[in-house]
Every structure is written in structure tokens, then in C-alpha cells.
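Numbering (the numbering used here), first residue to last: 1067 to 1628.
Cβ coordinates follow ideal geometry from the N, Cα and C atoms, glycine included.
Working notes, structure below.
Given below as C-alpha cells:
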């Protein structure tokens, strides 16, 4: 049945007349009951609906959390190559340590890597954390350095400056492995002394490891420390044992070639002249043979006599002596001059080659031992002011390959000058610090301004120059600084195991893959929640439900139509 409408509706509809009579002329009921239903909207949202939306949001959150996806991080190939190269370097160091018959303590180094040092030695600079040293022996640190270099904006062919300490040799290796994989050019300055369980064995320092890696072909031949410092407090071996300085300088001497030549070089030899030896012409200078040492005449050959500890040939004139010798007081003496030096181990004294009586008679670096010039075998043979390295006595003052500033400001400036000179005009694109060397990080207060990882900005404020380190210099120049410290923080950040009992395999850890949210699912949940909020605030849900139910039941009496 369809209700009629029109200007004469009140004549035919008694319900309409009753409604009109019971209200005034301005009552909204004169326009029909449905008018109220069209314009009325609730001023408050039902608590039940709010609870439903909250349940929907919690369910969406749980859905997103339970449906995470794993995605590969960028530069995966280079990271894998760096970790494999780091693993190869670790194996090389272990073999080199075994060849030197330096034992590995399994209680300190359960992975038997050979990269954990001893607890205390002459070159131990300070206390260390054994778990941190064990955590550093992970080939996947090579991948971490690739990530850090990429974050710093480094590209193939870039020159970078590195400040190494002996405290974390495994991290030094990882940093160089990443350099090789990415095609970077490193300029290295190292400190020799190390904290506990670092490269603190006097005969197997970080410089020795560096040299072994170059010999094995793991790294390029020029990838070694150009200069080295002693380390310790103020970077001057303060606080170390008395024997530390000779051991440190000996390590520098046997690994870094001093610029001052202690041996006679080919250019120092006299100009070749044509001489006659046994009737044949020769271009080589005649070097007299060294006389045999003796104690009695019985130890000398026939025709020789023991005098002044040497077997000398008897003679009456110069003709009875070998070439290059002269007859003096009935014995043949070797004569020497600038063009004809003495044989090795003899000293030229008043134009005669004689046995030494003191070390000053010997060539630079040699000592007078048992009346003959020879090599040293220990520091005590070189006196209080020198040390023994590779069989030679060295004065620390001539080792210009050693960073020897007198205070922090001098040490920092000296390192900066070395980096600039070695860069040869190429811009240094980043500075990498491994460990806590004072010359690199500065004073205790200033180094706290840097965070682990890549630092492109720093809230340095005003730092006094005598408190600032090399890192402060580069950060002020706009050069990124990569600060590798606080290994627990960095290991957690990159998903590396803390203090593993065995060396982890390359290719493992959070540096290769990351678990993240499914973006499409996040957006879907947000849209559903947003629509639900719009629905409960903009629409009278209760009225819609009632209208739907009434339309299903049909129109009852007294329900006017629209």
C-alpha cells in the first residue's frame, strides 16, 4: 500500500490531522516525523564501538608483527668477499704464529685463532676486556666495514687514512680487507703497544702481523704502516715496563725500514777501478781477506803467528805480503783507505785493518764482541741508550719512522702531516680509527663526543687544541670519521655474536640480511583502522542498523513515509 501525498493529504489522512492539531504552527512535526530522522546525529560515540576499534587495532598490530619479512641488505657481494678475505687473513696469522712457535692459550682463545695475545707483557699498555677481543675475531667484521665505508660515501679509488692500535688486530685486518674489496687506498699509522689480550706479544706485534699478511700476498706490498708510535699514556710508552721501549723500537725496526741506511749501500762503494788479481784484469776493488782470530800460535796456519788476537803472516818486506797488505814490524797488516775498505768485521785504524777494541771501531749498528765486530743478540749488548733490532744496535733518535711528538698537540699535528704527505695531493675521503689511541681520539673528555660508527657531524663545540685528536681535525674539515669502539654496541647493531666460542662462518649475521615489516600489510591495516574511525564518528551506526531491521519487518502503523 502506497501512502498518498499532496496539498489535500490532510483531508484524506486522519493521522496527519491529529499530528498537526497537537502541535503549534512552528513545530517541526508539521513537516513529518521522518524529518527528525534525517537531520539528527549523535553527539557521542558508543563505548562499544570504541572497544571494537581498539580490538581491531591490536589485532592489526599482532598481524603485522607476526608477518615480518627478511630482505637482503645492499652490497651483499662486496660484503661476502670482504668476510672471506678476512677469514683468509685470520688463517694466515694463525699459521705465522705457529711457525714462530708462540703457543695459543685455549682458555683465552677458545676459537684458537691466534689473534688473542697474552695477559701481561712488556708492551701491554692497559687493561682490556677479553670478551671484546673474542668478539672482534669474526670475519664478518669485514662486511661491517664495507657497510661503514659505503655509509661514509666512499668509492673505488678513494684515499682514506687509518689509525690502528695493537689492541684489536682482528679489526685492523677486517678494515684492510674491506679496503681491498672496495678498491680503496689506505694510509696507515699504527701504535705498537696493546691492551691485554691484544697484539701484545713482543715478538708478534701488530706490525709483525701486518708484514706476514703482505708476505703471504693477502694484502698489497705497500699496505703496511708507514709510521708507528709506541702507544701507552700520551702515546709515549708512559706507564709501560722499562723493557717496553726497546721491545717496541725493535718491532718497528724489523718491520718498517728506517730511512737512514745503517749499512753501506751500493752507492757508497768506491768507484770501480781496473785492477789486476792473479794476472787477470778485474773491475772490482780488492778487499783484503780477514785474518783468522787466534789465542796461540798453534791455532794459526803455517807461516802465520798469533799477535794481538789475529793470525798474521810473517814478512821481511811488502813483497812477502798479500795484495793490499803491508809489512810492519815483521808481520803483514792489511792496509785500507776510502777506495779499498776493510773486509767485513774489521776496522780501518790509521790506514790499517785491525781488530776492534770497542764498538765505535765497528760499522754503524755493529758491536765489538770478542775482539771482532759482529751482530748484537740482546738489548743489553747495545748499552743503556740503544736497543737491538735484527742484529743491529739502533739509537731511537734516528728512527724518523717513529712518531715521537712531545705532547698531544705535537703528536696530532705530526700524524696529520704524515697523512697529507703520503696522500700526495689526493683528498682524504675518510678517517678510520680502531681502538682508543689518544693521538687519534684526543683526551678522554673530547673522545666521548664521537659515537661508534660513522660520524659526519659532531657536537664538538669548542675543544682546546691541546685536547683534540686526529678525529677532531678531520671532522672539522668535513671528512667522515669512522669510529670503531664499544664493540658490544656495534656487534648488537650488526647482528654479530658476542664472545663466540668458535670463529663464526663468513656470511652470517645481521649485516647481510634484515628482518623488516611487510609494507603492504602495514598500509592495509592502517587503512582499515582509518575507515573504522571514520565510520563511527561520521555515521549513526545505530540508526542504520534500526532502519535495516525495520525495512525487513515492513512499515507499521504510525510510521509516516518520506
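The C-beta distance from residue 1509 to residue 1486 rounds to 23 Å, too long to fall under 8 Å, and the pair is not in contact. DSSP places residue 1206 outside both helix and strand once states are collapsed to three, so it counts as coil. In the DSSP assignment, residue 1308 falls outside any beta strand (DSSP E), carrying neither H nor E.
A Cβ-Cβ distance of about 7 Å is found for the pair residue 1546 and residue 1521, placing them in contact under the 8 Å criterion.
In the structure shown, the three-state DSSP call for residue 1373 is strand. DSSP links residue 1295 through a beta bridge to 1257.
Rounded to whole angstroms, the separation of the alpha carbons of residue 1176 and residue 1360 is 55 Å.
Counting C-beta pairs with one atom in each stretch, the region 1219-1233 and the region 1151-1169 have fewer than three that are closer than 8 Å, which means they do not touch. As the crow flies, the alpha-carbon of residue 1589 is around 29 Å from that of residue 1558. Taking a cut-off of 8 Å for Cβ pairs, the region 1209-1220 and the region 1549-1569 touch, as three or more such pairs fall below it. The region 1161-1174 and the region 1243-1256 do not touch, with fewer than 3 CB-CB distances between them shorter than 8 Å. According to DSSP, residue pairing for residue 1393 in a beta bridge involves 1398.
A distance below 9 Å separates the beta carbons of residue 1258 and residue 1272. Per the coordinates, the alpha-carbon of residue 1439 lies some 13 Å from the alpha-carbon of residue 1448. Straight through space, the alpha carbons of residue 1282 and residue 1579 are spaced by roughly 32 Å.
In the structure shown, residue 1127 adopts helical secondary structure according to DSSP, grouped into three states. Burial of residue 1295 is indicated by the presence of at least 16 other C-beta atoms within 10 angstroms of its C-beta. Residue pairing by DSSP puts residue 1190 in a beta bridge opposite 1260. The Cβ neighbour count for residue 1293, taken over all protein chains shown within 10 Å, is at least 16; the residue is labelled buried. The Cβ atoms of residue 1267 and residue 1277 lie no closer than 9 Å to each other.
With fewer than 16 other CB atoms across the displayed protein chains lying within 10 angstroms of its CB, residue 1116 is exposed.
Taken atom to atom, the span from the alpha-carbon of residue 1113 to that of residue 1565 is near 53 Å. For residue 1148, the closest alpha carbon among the candidates 1584, 1543, 1600, 1571 is that of 1571. If the five residues before and after residue 1131 are omitted, its C-beta is found closer than 6 Å to no C-beta atom of its own chain.
Rounded to the nearest angstrom, the Cβ distance from residue 1243 to residue 1208 is 4 Å, consistent with a contact under 8 Å. Comparing C-alpha distances from residue 1196 to each of 1223, 1205, 1206, 1264 shows the shortest one belongs to 1264. The C-beta of residue 1138 has fewer than 16 other C-beta atoms within 10 Å across all chains shown, which makes the residue exposed.
Within the model, the alpha-carbon separation for residue 1599 versus residue 1582 is close to 27 Å.
Following the DSSP letters along the chain, one finds residue 1147 in no beta strand (DSSP E) but inside the alpha helix (DSSP H) bounded by residues 1142-1165. Residue burial is scored here from C-beta neighbours: residue 1252 has at least 16 other C-beta atoms within 10 angstroms and is therefore classed as buried. Of the residues 1556, 1585, 1584, the one whose Cα lies closest to the Cα of residue 1577 is 1556.
The three-state reading of DSSP puts residue 1183 in coil, since its state is none of H, G, I, E or B.
Under the DSSP assignment, residue 1540 falls outside any beta strand (DSSP E), being part of the alpha helix (DSSP H) whose first and last residues are 1536-1542. Beta-bridge annotation (DSSP): residue 1138 is paired with 1579. Under the DSSP assignment, residue 1434 falls in the beta strand (DSSP E) whose first and last residues are 1433-1435. Under DSSP, residue 1271 shares a beta bridge with 1266.
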